[in-house]
Amino acid sequence: MNLNIKANKNNTFDAIVVGSGMSGGFAAKELTERGLKVLMIERGHEIKHVEDYDTAMKEPWEFEHRGKTTNISAEERWANSRFPGLGSEEVVNHLTNDKENPYIEKRAFDWIRAYHTGGKSMHWGRQSYRWGKHDFEANAKEGIGIDWPIRYEDLEPWYTHVEKFVGISGQKEGLEVLPDGHFLPAMPLFAPEVHFKNKMMERFNRPVTVGRVANLTQPQDIHTALGRASCQYRSKCQRGCPYGAYYSSLSGSIPAAMRTNRLSILHDSIVSEIIYDEQKKRATGVRIINQNNMQTEEYFAKIIFLNAGSINTAALMLNSKSNRFQNGFGNDSDQVGRNLMDHQLGSGASATVDGFEDDYVFGQRPNAMYIPRFRNWGDDKQTSYLRGFGYQGGASREGWERGISADGFGDDFKQNLTKPGPWNIRIGGFGEILPDPNNRIYLDPNKKDKWGIPMIVTDAAFVENDWAMRKDIVASAVEMLETAGFKNVTSYDRPTHMGLGIHDMGTARMGRDPKTSVLNAFNQVHDCKNVFVTDGAAMTSASCVNPSITYMALTARAADFAVKSLKKKEL
Amino acid sequence: MNRREVIKNVALMLGGTFSASSLMAMNHWEQSTSPNKAGAVFILTDIQQKMVAEIAEIIIPKTETPGAKDVGVPAFIEMMLKDCYKEPDQESFMEGLASLEKVKFLSLNSDERKGVLKFLEQETKKMKSKSTPFWRLIKELTLLGYFTSEAGLKASFQYVQIPGKLELIKLKPNQKSYAY
Numbered sequence: 001m002n003l004n005i006k007a008n009k010n011n012t013f014d015a016i017v018v019g020s021g022m023s024g025g026f027a028a029k030e031l032t033e034r035g036l037k038v039l040m041i042e043r044g045h046e047i048k049h050v051e052d053y054d055t056a057m058k059e060p061w062e063f064e065h066r067g068k069t070t071n072i073s074a075e076e077r078w079a080n081s082r083f084p085g086l087g088s089e090e091v092v093n094h095l096t097n098d099k100e101n102p103y104i105e106k107r108a109f110d111w112i113r114a115y116h117t118g119g120k121s122m123h124w125g126r127q128s129y130r131w132g133k134h135d136f137e138a139n140a141k142e143g144i145g146i147d148w149p150i151r152y153e154d155l156e157p158w159y160t161h162v163e164k165f166v167g168i169s170g171q172k173e174g175l176e177v178l179p180d181g182h183f184l185p186a187m188p189l190f191a192p193e194v195h196f197k198n199k200m201m202e203r204f205n206r207p208v209t210v211g212r213v214a215n216l217t218q219p220q221d222i223h224t225a226l227g228r229a230s231c232q233y234r235s236k237c238q239r240g241c242p243y244g245a246y247y248s249s250l251s252g253s254i255p256a257a258m259r260t261n262r263l264s265i266l267h268d269s270i271v272s273e274i275i276y277d278e279q280k281k282r283a284t285g286v287r288i289i290n291q292n293n294m295q296t297e298e299y300f301a302k303i304i305f306l307n308a309g310s311i312n313t314a315a316l317m318l319n320s321k322s323n324r325f326q327n328g329f330g331n332d333s334d335q336v337g338r339n340l341m342d343h344q345l346g347s348g349a350s351a352t353v354d355g356f357e358d359d360y361v362f363g364q365r366p367n368a369m370y371i372p373r374f375r376n377w378g379d380d381k382q383t384s385y386l387r388g389f390g391y392q393g394g395a396s397r398e399g400w401e402r403g404i405s406a407d408g409f410g411d412d413f414k415q416n417l418t419k420p421g422p423w424n425i426r427i428g429g430f431g432e433i434l435p436d437p438n439n440r441i442y443l444d445p446n447k448k449d450k451w452g453i454p455m456i457v458t459d460a461a462f463v464e465n466d467w468a469m470r471k472d473i474v475a476s477a478v479e480m481l482e483t484a485g486f487k488n489v490t491s492y493d494r495p496t497h498m499g500l501g502i503h504d505m506g507t508a509r510m511g512r513d514p515k516t517s518v519l520n521a522f523n524q525v526h527d528c529k530n531v532f533v534t535d536g537a538a539m540t541s542a543s544c545v546n547p548s549i550t551y552m553a554l555t556a557r558a559a560d561f562a563v564k565s566l567k568k569k570e571l
Numbered sequence: 572m573n574r575r576e577v578i579k580n581v582a583l584m585l586g587g588t589f590s591a592s593s594l595m596a597m598n599h600w601e602q603s604t605s606p607n608k609a610g611a612v613f614i615l616t617d618i619q620q621k622m623v624a625e626i627a628e629i630i631i632p633k634t635e636t637p638g639a640k641d642v643g644v645p646a647f648i649e650m651m652l653k654d655c656y657k658e659p660d661q662e663s664f665m666e667g668l669a670s671l672e673k674v675k676f677l678s679l680n681s682d683e684r685k686g687v688l689k690f691l692e693q694e695t696k697k698m699k700s701k702s703t704p705f706w707r708l709i710k711e712l713t714l715l716g717y718f719t720s721e722a723g724l725k726a727s728f729q730y731v732q733i734p735g736k737l738e739l740i741k742l743k744p745n746q747k748s749y750a751y
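Chain order of the listed sequences is A and B. Using our numbering, read the first sequence as starting at 1 and increasing by one per residue. Using our numbering, read the second sequence as starting at 572 and increasing by one per residue.
Right, dumping it as C-alpha cells:
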C-alpha cells in the first residue's frame, strides 16, 4: 500500500498517451501545447531523431547485400518482409522482429509493425489526402456498417491545423472527390505523366494530380523552428531523414511536445492493461511491463489517449478486464477488435512509353502521381461493387536493372546500361475495404507471449466487394494506360492478404450508438469518457485515400476537446 | 549432353537456325544434371568459383572501365546466393554449374564460351521452373554486384550523393544515368 502511494506521486500525470507513432505523437503535441503534463509510453526501444538513423547516409555499396532481404531477416521478420523492400538491410532494424513478437494468423494478415519511438511514422509512404464529404456519408447512404458520428465539416479545421504543422506538398485541383488542403509548392509531374494526365482528362474526364506528400518542398517557420529542412530529393525516406524533411513523430510532433517541457517518454514499456476504478467509474491509469526486465509498474492520469496502432489498441482494450468491463474495456458493444479494415494494395498495370527520349530528371522525387477515385462517383455507377479506389504510380526511366531480363552481355551491353533506358509507367490501386464485423482480431484464450500477455489472433480476409473492385482496379489500369497510347501494357495482381496496405483500422469504431460502436463523436470511449482512442482503431469506414492525416486530425480535435472538458471539470 | 553436342547446338544457334534438336538437347541438359540436394551450406568448389568468375567477366568485361572481377563480383555472387537465396535457387545455380562443368566450360575458348552462354540465354527463356534459372541468377547477381559496387557505380554513372533539388532536364548526347 505504501509502495502504491509512493508510486502514485511520481507516476501521476495529467495525461497518458499510449504509443508514439503518427497519432500518439500528435496527441502528445496537442496535449502538452495546451498545458498538460503528459507521459508518452512506447513499447519499443528508443530511437533518437537523426542520430539513430544508422543507414541514412550509407552509400549503396556499404550495404553488404545491396538492399536485398537476407534469409535470416526473412525468417525473423516473416510478416514485415511480405511487403516488398521492408526486409532490406536499409530499414530492417527499424522494423519489428516478428519471431520475437509473434501473432497468430487464423486467417493470414500482413501485420507490419515498427516498435520504436515514432512507430510507423518513420516508415510511412507520406501520401496525405483529405477525406471527402462523401467518405463520411457513404455508410449511412448505403446502409453499410454504421454511420460516422461526424462529418467533413467537423474535421475540416483540424485538417488545416495538421497540414500546416506537418507540411504537405501538393497541387490544388478544386475537386470535390479530393478536397484541397493547405499545401506547400507541388513537385513536378514528369513529361510522360503530363502526357498521361492530358489524355485522361481528354478521354475520360478523369483528373490526375501529383501526389500530396509530407515532404517539405519549402519549409515554413513552423517547420524550421523544429530543425526541419527542405527535401534533398534523395528519396531515401524509409531510412529516416537526416534533414527532418519528411514528417514523422520523430521530426515533428515529439520535438514540438518536448519543447513545452511537459512531455516525458517511457520506452520499452508495454502497456498490458488499463486500470479501471469501479467506484469512480473512470480509468485511472495503466499498467506496464518493461519489455527487457519484465518489471511491472503503474502510471496514473486524468485522461488516457490510446494510440498503440489499431490492432494493439484493440488488444489492450480486450485485455483490460474489470467487474464493469468483463468483456474487455469499453467493449459493451462487442465491437472492439471487429471491423478490421485496410486498403487493397498490389494490383494495377505497367507499360513502356515510347518517346520522351530526351526528357530526364535530376534528383529523385519521393512522391508519385495520383489518380483520384472515379468509380461510383458522379455519373459512374458500378453494379458489382460499392465505393472506389485511387491509383498511385508514376513514370521513370529504366536503369541498369533492365539488363537482367534483356538479352546480351559483354562490352556493348555493359556500355548501354550506363545510359538511361526507355521510360516506363506503372499505376497501382488503393481500394476501399468495407467494414465487416467478421474481419477481426481477438485474444487467444490460452496462448500468451513472453510477457504473459494473451497473443493476438488475426481473423480477416477480403470479401466479395473487395474482389470485384480488385478486378476493376486491374482492368481500369490497363484501359487507362492503353488509352494513353503506352505500349506493352501488362497487368499485375499480386496475391496479398489484408494488412499489406499497412493501413489497418476500424477495431474500435466511432459511432452514435453505444450499442453498435465503441467511441463517440470526440473519440471518447462511450462508457468511460476519460479514455480517448484516436489511432486507426477509431475509423468507422476506410475511404480509399491514405489515412494518416485523418488520424492526426481526429487526434488534434479530440485533444482540444479533452483539454476544454478538463478545464470545465467535465472529465 | 556431351561437349560435342553443346558445341554443335551452339553452332546451330549462331547459324541462325534454332532447331528442335537444340530444344531436345536442352531437355537432356536439364536431365543430365543431378541437383545438389545435400541441404548443406552453400559452398562453391575452386572450379565452380572459377567458372562463376569467368561467366561474370563475360557478362561485364573489363573495358576502359573495371570489369566484374575487378570489383569483386564473383565472391559477391557466392555470398548473395548463400545469404539471400533459398534452397531451390541455390540448387538451380549448382545445376547450372554442373552442366557447364560437364561441357568443360573452362577449357573452351573465348568464342565457344560466349556461344554456350548465348545458347543458355535462349534456352532459359523457354524454361518453366519454380526456381530461378541459373542464367538469370548469375546475370542478375553480376549486374547487381557490379553496378552497386563503388568502382562499378562510379565508373558507370554520374553519382550524386545529395541532389538537393528536383529538376526536369533535357538529356545531353551520351549522357550517363544519374545514380544516387
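Cβ coordinates follow ideal geometry from the N, Cα and C atoms, glycine included.
Using beta carbons (cut-off 9 Å, strictly below), is residue i in contact with chain A?
i         : result
Ala609(B) : In this prediction, Ala609(B) scores a pLDDT of 45, lower than 50, which makes its location untrustworthy; the coordinate-derived value is nonetheless stated afterwards. Not an interface residue.
Glu721(B) : yes
Lys621(B) : no
Leu714(B) : yes
Lys699(B) : no
Glu711(B) : yes
Phe705(B) : no
Let me check understanding here. Comparing Cα to Cα, which of the options lies closest to residue i?
i         : options                                       : result
Ser541(A) : Pro149(A), Asp527(A) and Val286(A)            : Pro149(A)
Lys133(A) : Phe362(A), Asp147(A) and Ala406(A)            : Asp147(A)
Tyr246(A) : Ser320(A), Gly330(A) and Gly167(A)            : Gly167(A)
Arg228(A) : Thr209(A), Val210(A), Leu250(A) and Arg239(A) : Leu250(A)
Asn530(A) : Arg373(A), Ala559(A), Phe486(A) and Gly363(A) : Ala559(A)
Ser384(A) : Thr209(A), Gln238(A), Val463(A) and Gly309(A) : Val463(A)
Ala140(A) : Tyr391(A), Arg387(A) and Gly431(A)            : Arg387(A)
Glu658(B) : Pro734(B), Lys640(B), Phe647(B) and Ile614(B) : Ile614(B)
Lys172(A) : Lys106(A), Ser350(A) and Tyr129(A)            : Tyr129(A)
Which residues does DSSP list as the beta-bridge partners of residue i?
i         : result
Arg426(A) : Ser350(A) and Gly394(A)
Leu266(A) : Ile41(A)
Thr12(A)  : Phe300(A)
Glu738(B) : Phe362(A)
Val286(A) : Ile274(A) and Tyr299(A)
Val213(A) : Gln127(A) and Ser169(A)
Phe183(A) : Ile168(A)
Would you say residue i reaches chain B, if we count a Cβ-Cβ gap shorter than 9 Å as a contact?
i         : result
Ala225(A) : no
Ala79(A)  : no
Asn71(A)  : yes
Glu76(A)  : no
Pro420(A) : yes
Val210(A) : no
Gln171(A) : no
Arg126(A) : no
Lys68(A)  : yes
Glu432(A) : no
Between the alpha carbons of residue i and residue j, how many angstroms are there, rounded?
i         : j         : result
Ile404(A) : Arg707(B) : 7 Å
Leu155(A) : Thr550(A) : 8 Å
Trp423(A) : Ile371(A) : 19 Å
Tyr717(B) : Arg66(A)  : 11 Å
Ala186(A) : Glu401(A) : 29 Å
Arg338(A) : Ile265(A) : 30 Å
Ser605(B) : Lys675(B) : Its pLDDT being 46, under 50, Ser605(B) is placed unreliably in this model, and the value from its coordinates should be taken loosely. C-alpha separation (whole angstroms): 17 Å.
Ala521(A) : Met510(A) : 6 Å
Ile427(A) : Ile618(B) : 46 Å
Val50(A)  : Arg262(A) : 22 Å
Ile631(B) : Gln335(A) : 60 Å
Tyr276(A) : Pro445(A) : 22 Å
Val208(A) : Lys199(A) : 10 Å
Closest Cβ-Cβ distance between residue i and chain E: below 9 Å?
i         : result
Leu724(B) : Checking the listed chains, one finds no chain E in this structure; the protein chains it contains are A and B.
Below 7 Å between beta carbons is the criterion; list the residues of the stretch 629–654 of chain B that meet it against any residue of chain A, in chain order.
So the list reads Ile629, Ile630, Ile631, Pro632, Thr634, Met651 and Asp654, given in the order they occur along the chain.
The stretch 732–751 of chain B: positions lying closer than 8 Å to chain A by Cβ:
Those would be Gln732, Ile733, Pro734, Gly735, Lys736, Leu737, Glu738, Leu739, Ile740, Lys741, Leu742, Asn745, Gln746, Lys747, Ser748, Tyr749, Ala750 and Tyr751, in chain order.
Members of the stretch 672–694 of chain B near chain A, C-beta cut-off 9 Å
Correct list: Lys685, Leu688, Lys689, Glu692 and Gln693.
Identify each residue in the stretch 187–202 of chain A for which the Cβ-Cβ distance to at least one residue of chain B is less than 8 Å, and report them in chain order.
Met187, Pro188, Phe190 and Ala191
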